[in-house]
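Residue numbers (this note's numbering), protein chains in the order written: chain H, 11 to 230; chain C, 11 to 230. Presented below is the structure to which this report refers.
Number of protein chains: 2
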Amino acid sequence: MSPAPAAVPPVAVPVHKIRVILADDHPVVRDGLAAILNRQPDMEVVAEAADGEEATELYDRLQPDVMVLDLRMPKRDGVAVVEMVLAAHPHARLLIMTTYDGDEDIFRCLSQGAKGYMLKDAPRTEILAAIRAVSEDRPYASSSVASKALQRMAKPSLTQRELGVLQLLAEGRSNKDIARRLSITEGTAKTHVKAILTKLDAISRTEAVAVAHKRGLVRL
Amino acid sequence: MSPAPAAVPPVAVPVHKIRVILADDHPVVRDGLAAILNRQPDMEVVAEAADGEEATELYDRLQPDVMVLDLRMPKRDGVAVVEMVLAAHPHARLLIMTTYDGDEDIFRCLSQGAKGYMLKDAPRTEILAAIRAVSEDRPYASSSVASKALQRMAKPSLTQRELGVLQLLAEGRSNKDIARRLSITEGTAKTHVKAILTKLDAISRTEAVAVAHKRGLVRL
DNA sequence: TCCCGCCTCTCTCAAAAGGAGTAGATCCAC
DNA sequence: GTGGATCTACTCCTTTTGAGAGAGGCGGGA
Numbered sequence: 011m012s013p014a015p016a017a018v019p020p021v022a023v024p025v026h027k028i029r030v031i032l033a034d035d036h037p038v039v040r041d042g043l044a045a046i047l048n049r050q051p052d053m054e055v056v057a058e059a060a061d062g063e064e065a066t067e068l069y070d071r072l073q074p075d076v077m078v079l080d081l082r083m084p085k086r087d088g089v090a091v092v093e094m095v096l097a098a099h100p101h102a103r104l105l106i107m108t109t110y111d112g113d114e115d116i117f118r119c120l121s122q123g124a125k126g127y128m129l130k131d132a133p134r135t136e137i138l139a140a141i142r143a144v145s146e147d148r149p150y151a152s153s154s155v156a157s158k159a160l161q162r163m164a165k166p167s168l169t170q171r172e173l174g175v176l177q178l179l180a181e182g183r184s185n186k187d188i189a190r191r192l193s194i195t196e197g198t199a200k201t202h203v204k205a206i207l208t209k210l211d212a213i214s215r216t217e218a219v220a221v222a223h224k225r226g227l228v229r230l
Numbered sequence: 011m012s013p014a015p016a017a018v019p020p021v022a023v024p025v026h027k028i029r030v031i032l033a034d035d036h037p038v039v040r041d042g043l044a045a046i047l048n049r050q051p052d053m054e055v056v057a058e059a060a061d062g063e064e065a066t067e068l069y070d071r072l073q074p075d076v077m078v079l080d081l082r083m084p085k086r087d088g089v090a091v092v093e094m095v096l097a098a099h100p101h102a103r104l105l106i107m108t109t110y111d112g113d114e115d116i117f118r119c120l121s122q123g124a125k126g127y128m129l130k131d132a133p134r135t136e137i138l139a140a141i142r143a144v145s146e147d148r149p150y151a152s153s154s155v156a157s158k159a160l161q162r163m164a165k166p167s168l169t170q171r172e173l174g175v176l177q178l179l180a181e182g183r184s185n186k187d188i189a190r191r192l193s194i195t196e197g198t199a200k201t202h203v204k205a206i207l208t209k210l211d212a213i214s215r216t217e218a219v220a221v222a223h224k225r226g227l228v229r230l
């Protein structure tokens, strides 16, 4: 075989680096991700966002190959960012990265069109694999996330009204109180609560709230 | 002025660098912190721990100037690490770093002897300031943390028994169920629940659970 | 020793919650 | 337009919860 000319570098440099935007409200996490990604020859962090609004704007302007998104951010929630970015750019490749909070968020993001979902405690290699997969438009979910998504699909989903009632339930409101706030009768409130108990497979309202917290159906 | 000899570096290098151990179960966060600290001329990351056990062992072995500790870690909880390290090394300088979770954790760590407490969304400058303060044995708490600690001190604290009952309450158990699990009568369980409601200033058990979650008195 | 906090247990009574079933009004999709 | 889902509302009945008040035992600190 003829040897390669001396000018060729030992490591192959890809023609197009994967251009990445990082969106996370923790400076420490952004620095950590940036440090990991910038060590890779085929990746490049082109911008960082500290909240949801910034993330949306930066995506519009820079149109990166991948945006890594934290779910919980100030100003605009990660789910809202997914929705807005995909509305403007239907082929956007978004990778959700969050400290796991229950299957509801996973389900919502993936069903809205996010390409990948992973947890913040993932090892570096997995993070890189996820970004490469998403950049090639291949879906990515770690096995724990995938199994959660499957579990979630088997469960009955709550209606909008029920979610509203559940939120008040989680705040510790009584049926009477819920009825007042929603301008319905106490009987109707009880009907909704009963439906919630059935769907969440709970015996009491307190247990329902515990289940809701575990699944990420309500926020503190 | 006579110019410095060529051998002297332009930036003053302190005689003793602050030796730091990082303990956090997220590789990304460790990388981020390491990147920030290693940029400083007066700091040096000497080890990283991915769980509480490792953190305790590494502290024993390396005796760093400061250990930065995440509160939520596998195998051994951050509070337990604080307790164990301080038992073996009464002058250990520990800086708690966590995503804010309510005033209970703050209170417990600080009252156990942790020197500092800060939030993960803190800007880089604040993180560095906290580490320098703690390394000099000066307490550090960001203003939001400090005010939380003060708030907490004004509130009545629950007894051990009440905390046990509260945990079961948060899981959605009924009085009868709680009584069975704790081997007491239902009447006694009700007495405890009533005491909890009074101390947490809640009208119903569900509201009590909501308050407990906000304060970090119970874990999911 | 005496008091106090904690845990235990008891009682009564009213209010709230929960189980089961029925049903009218919309609205949307097939 | 028929069927299904959703929201609304009702009744009847049982169980659970919460308020109030009292009291004995036990351990530790003044």
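Just so you know, even glycine gets a beta-carbon here, dropped at the ideal spot from N, CA and C. Since we're looking at a predicted model, the values are computed, not measured.
Item, Value
"Coarse secondary structure for Gly174(C), derived from DSSP in three states", "helix"
"Chain H within 8 Å of Pro133(C), Cβ atoms only", "yes"
"Counted within 10 angstroms of its Cβ, other Cβ atoms place Lys204(C) as buried (16 or more) or exposed", "exposed"
"Cβ-based burial, Tyr69(C) [other Cβ within 10 Å; buried from 16]", "buried"
"N- and C-terminal bounds of the alpha helix (DSSP H) containing Ile213(H)", "It is not in any alpha helix (DSSP H) - Ile213(H) carries neither H nor E in the DSSP assignment."
"Closest by C-alpha distance to Glu217(H), when choosing among Val175(H), His101(H), Gly197(H), Ala180(H)", "Ala180(H)"
"Contacts of Gly174(C) in chain H (Cβ-Cβ under 9 Å)", "Within 9 Å Cβ-Cβ: nothing; Gly174(C) doesn't reach chain H, min ~16 Å."
"Close Cβ partners of Lys27(H) (< 7 Å) along its chain, the five nearest in sequence each way excluded", "Asp52, Met53, Glu54"
"Where the alpha helix (DSSP H) containing Ile46(H) begins and where it ends", "37–48"
"Rounded C-alpha distance that separates Tyr127(H) from Leu72(H)", "22 Å"
"Integer-rounded CB distance, given that Arg40(C) should sit under 8 Å from Thr66(C)", "With a Cβ gap of about 17 Å, Thr66(C) and Arg40(C) do not count as contacting."
"Cβ contact check for the region 99–114 of chain H and the region 218–228 of chain H: 3 or more pairs under 8 Å", "yes"
"Pro74(H), buried or exposed, once every other Cβ within 10 Å from all chains shown has been counted against 16", "buried"
"Min CB distance Ile188(C) to chain H below 8 Å", "no"
"Pairwise C-alpha distance: Ala156(H) and Thr253(H)", "With chain H covering 11 to 230 only, the question about residue 253(H) has no answer from this structure."
"Short Cβ contact (8 Å threshold) for Gly182(H) with Ala222(C)", "no"
"Reduced DSSP secondary structure (H/G/I, E/B, other) of Gly197(H)", "helix"
"Minimum C-alpha distance to Leu210(C) - residue among Thr198(C), Ser167(C), Leu192(C)", "Ser167(C)"
"DSSP state of Ala228(C) mapped onto helix, strand, coil", "A small correction: the amino acid at residue 228(C) is Val; Ala does not occupy that position in the sequence shown. Note: Val228(C) maps to coil in three-state DSSP."
"Neighbour flag for Ser152(C) against chain H, beta carbons, 8 Å", "no"
"Pro37(C) burial status per 10 Å Cβ neighbour count (16 or more: buried)", "buried"
"Same chain, Cβ closer than 8 Å to Ala44(C), neighbours up to 5 away in sequence not counted", "Leu32, Val55, Glu58"
"Lys125(C) and Pro149(C) closer than 8 Å at C-beta", "yes"
"Classification of Asn185(H) by the beta-carbon crowding that lies within 10 angstroms, buried from 16 upward", "buried"
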